[in-house]
Structure formats: structure tokens, C-alpha cells
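Protein chains: 2
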Amino acid sequence: MTSIAEKTVLDRADSLCRARGVRLTAQRRRVLAILCASARPLGAYEILDAMREGSRALAPPTVYRALDFLLEQGLVHKLESLHAFVGCNHPEHPHSSQFLICNSCGEVTELEDEAIARSLGSAASMSGFQPQRRVVEVIGTCAGCAQKGR
Amino acid sequence: MTSIAEKTVLDRADSLCRARGVRLTAQRRRVLAILCASARPLGAYEILDAMREGSRALAPPTVYRALDFLLEQGLVHKLESLHAFVGCNHPEHPHSSQFLICNSCGEVTELEDEAIARSLGSAASMSGFQPQRRVVEVIGTCAGCAQKGR
DNA sequence: GTACGAGACGTTATATTGTATCCAACGGCT
DNA sequence: AGCCGTTGGATACAATATAACGTCTCGTAC
Chain A
1 MTSIAEKTVL
11 DRADSLCRAR
21 GVRLTAQRRR
31 VLAILCASAR
41 PLGAYEILDA
51 MREGSRALAP
61 PTVYRALDFL
71 LEQGLVHKLE
81 SLHAFVGCNH
91 PEHPHSSQFL
101 ICNSCGEVTE
111 LEDEAIARSL
121 GSAASMSGFQ
131 PQRRVVEVIG
141 TCAGCAQKGR
Chain B
1 MTSIAEKTVL
11 DRADSLCRAR
21 GVRLTAQRRR
31 VLAILCASAR
41 PLGAYEILDA
51 MREGSRALAP
61 PTVYRALDFL
71 LEQGLVHKLE
81 SLHAFVGCNH
91 PEHPHSSQFL
101 ICNSCGEVTE
111 LEDEAIARSL
121 GSAASMSGFQ
131 PQRRVVEVIG
141 TCAGCAQKGR
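The listed protein sequences correspond, in order, to chains A and B. First residue of the first sequence? That's 1 in UniProt numbering, and the numbers climb one at a time after it. First residue of the second sequence? That's 1 in UniProt numbering, and the numbers climb one at a time after it.
Pasting the structure below:
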């Protein structure tokens, strides 16, 4: 199932990479497509399984290398608390997002909240700390699941 | 080396657990002591190695079970981005802390910043999300290492 | 004091996640 | 064509975490 939204994400990834002078190869594009097509975050080995379908066998390093590239380019994010990966909603500008992770239905929402970013930044600078990477994940119950009483 | 500070942490853990009607057994106390004695976060297998010294061999589940208990009681925290654990500075009240992790010297600072907690909370409630656990880790360069030009 | 039950622990095996290494294939360049 | 840097294939392995099951221990009730 290739939705229109997914297609534009891939197209945008193409132009982004061209503009940056890096190569979105077939393998990398494939990993990104799999992540974008999934409603949920996927583990590296789930991606591996998805890539194996209909094609020859692949090994873990293939997926991890593609993921490393996509992470560097900001095209995907890693959810540390899940050991899983998601496609990014808005890869054009560098950003540090936050994630709401429902442990009932598995849904993940990517936020880009200025207030959180600011409070994190000022807490860091008060300590003289220079941030490079931010991991902000809130695990809990999403609105839908809360209503259903789960 | 058993510092005074470490001793009071263990003593406070004892009384906390007694007050809560849960058992801080010898194994659990040992894991907590090892974590508190360490200047850095420790992986589960590092704790396991430390516990093996001078005593009989232990298996991973022993350590993971002790860690699960200590996490539940808020006596230790898990650093998801490092797959490692640290003793908590102030276990008396339930809290969601934030961590500054220096990737040069490995030092970890636990913060309890109200502004961050508030901004996270309001972002979650705007989405109708009910938080249960918060993972906030900022990876970067600490003040000391930044000065040394690392 | 003894029997019971829940929780804690020991032990083995295994699942899951992630890397090191080395070599082959490809692509752009001169 | 020949060179060289990047990408990918393949094997092996390291690191992190859990399942399953039996045994022991401790508090409690009788």
C-alpha cells in the first residue's frame, strides 16, 4: 500500500539528499519506504524481515547501515525506549522532536514543541552543558486508549 | 570504598522500603550499593561483574530482577540512550528527572527541572495524552569537557 | 511448632539488538 | 581503461535482555 503521503515523503527525501550531495540509494530508500508505510515504529529486525520479502536474504548490517544514514540525514528517528525507528514527519529542517508513545495501542506521535525545546535548552545552559542530541520520550496512554478505558 | 554519602543513601533506601512494606533484600541492596559507589552509569553486565567479585557466580536474571525492583521503587534510573543505570539522588519523593550525559567524559547529571516537567506535561495534555513514564536525556558535552576543548 | 503461600532467588537456555571485519561491486573521475 | 572512494554482501560475534522452571525463604495462620 503506497499512500500519496508516503510518496511525497520519499520524493522530498530524494530532493533533500540531492540538495545535500548525499546518495539516497535503493536500499536506503527502501528502508525509509518501509518505515513510512508502517503505522508503528519498527525494530531493525522487523525492517529486515520486511526487506527480505520477495527478494534475496539480507543481513543485519545492511539495515543498520541504511538506518545510520537516514538518522544522520534526519529522515528517521530512533525511539530509544522501544529500540525502534520511525520515519520523520518533517525532515526539511534540523529539529529535535519529542515523542508520545502509547503503551496500549503502540501509537507514536511526534511533537515539535518549542516550550519543551526552550526549557531543555535553558536547563542545559545553566549547567554549562552543550547539547548535541535530545532524547525526549513520554510513555503513557494516548487519548483514544484512555477513553476506551485501557 | 564506602563513602558517607553512599551509606546514607543505602540507609535512606532501607527506611523507604520499610515504610513502603517492600523488601530491600541483600541482593537488591548490593546492586544499589554498587551503583551508588560508581561515578558513572553501569550496564547490567558491569553490575553483574561487580557482584561476582569475591562471591559465587551469578546469572543475568539476578541483576535484572534487582534492577526492576529498584526502578519500581525509584531508587535507580535507567538511561535508555546508554543502556545503563544510575542510583537516584533523591528517592524520597516520586519524580521524573532529566539527565545531561557527557559523551566525552561520561559524566551524568540528574536534573529535576520544573520548567521541563511543566512543558512536557502541557504538551501531553494538549494531546490528551496521559504520561506514565518520562525519558528525557540530553547527550552532549559537559562544562568541564567543553573548556578543555574536547 | 508446623504447614502454607507469596515472593525472591538460582539456573539453564535462549531471544533480541547491535557491531566488527573483510571483501566484492558500483560509480564517478581522469 | 584504470583508479579510488562509497556502498553493500556475508560471516561471525558481542552486548543486552528475557523465558521458564524449580527451589528456597520468610511471614503468617493455625
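Each residue gets a CB set at the ideal place from its N, CA and C atoms; glycine is no exception.
With DSSP collapsed to three states, give me the class of residue i.
{"i": "B/A39", "result": "coil"}
{"i": "A/R133", "result": "strand"}
{"i": "A/T109", "result": "strand"}
{"i": "A/C142", "result": "coil"}
{"i": "B/L67", "result": "helix"}
{"i": "A/L82", "result": "coil"}
{"i": "B/L100", "result": "strand"}
{"i": "A/A124", "result": "helix"}
{"i": "B/V22", "result": "coil"}
{"i": "A/R12", "result": "helix"}
{"i": "A/Q58", "result": "Note that residue 58 of chain A is Leu in the sequence shown here, rather than Gln. The answer is coil: DSSP assigns A/L58 none of H, G, I, E or B."}
{"i": "B/E92", "result": "coil"}
{"i": "B/E46", "result": "helix"}
{"i": "residue 152 of chain B", "result": "This structure leaves residue 152 of chain B out entirely; chain B is present only between 1 and 150."}
For residue i, which residues in chain B fall below 7 Å Cβ to Cβ?
{"i": "A/E137", "result": "V135"}
{"i": "A/L120", "result": "I116 and V138"}
Per DSSP, which one or two residues make a beta bridge with residue i?
{"i": "B/V76", "result": "B/G87"}
Exposed or buried, which one is residue i when buried takes at least 16 other CB atoms within 10 Å?
{"i": "A/E72", "result": "exposed"}
{"i": "A/T141", "result": "buried"}
{"i": "A/P94", "result": "exposed"}
{"i": "A/M126", "result": "exposed"}
{"i": "A/A39", "result": "exposed"}
{"i": "A/S122", "result": "exposed"}
{"i": "A/Q98", "result": "buried"}
{"i": "B/R134", "result": "buried"}
{"i": "B/D113", "result": "buried"}
{"i": "A/A137", "result": "In the sequence as presented, Ala is not what sits at residue 137 of chain A; that position holds Glu. The residue in question, A/E137, is buried, as its Cβ has 16 or more Cβ neighbours within 10 Å."}
{"i": "A/H77", "result": "buried"}
{"i": "A/G54", "result": "exposed"}
{"i": "A/R20", "result": "exposed"}
{"i": "B/R28", "result": "buried"}
{"i": "A/V63", "result": "buried"}
{"i": "B/V22", "result": "exposed"}
Can you name the residues of chain B whose CB is closer than 9 Å to the CB of residue i?
{"i": "A/G128", "result": "C142, A143, G144, A146 and Q147"}
{"i": "A/T62", "result": "Those within 9 Å of A/T62 in chain B number zero; the least Cβ separation is about 23 Å."}
For a contact meaning CB atoms closer than 8 Å, what does residue i contact in chain B?
{"i": "A/A124", "result": "L100, V138 and G140"}
{"i": "A/D113", "result": "S119 and A123"}
Kindly list, in the order they appear in chain A, the residues whose Cβ is closer than 9 Å to that of residue i.
{"i": "B/P131", "result": "L100, V138, I139, G140 and T141"}
Run through chain A and tell me which residues come within less than 8 Å of residue i, C-beta to C-beta.
{"i": "B/E80", "result": "E80, S81, V135 and E137"}
Residues of chain A with a CB under 7 Å from the CB of residue i: which are they?
{"i": "B/T109", "result": "S127"}
Give me the subset of the region 34 to 51 of chain A whose CB atoms are less than 7 Å from a CB atom of chain B, sorted by chain position. none
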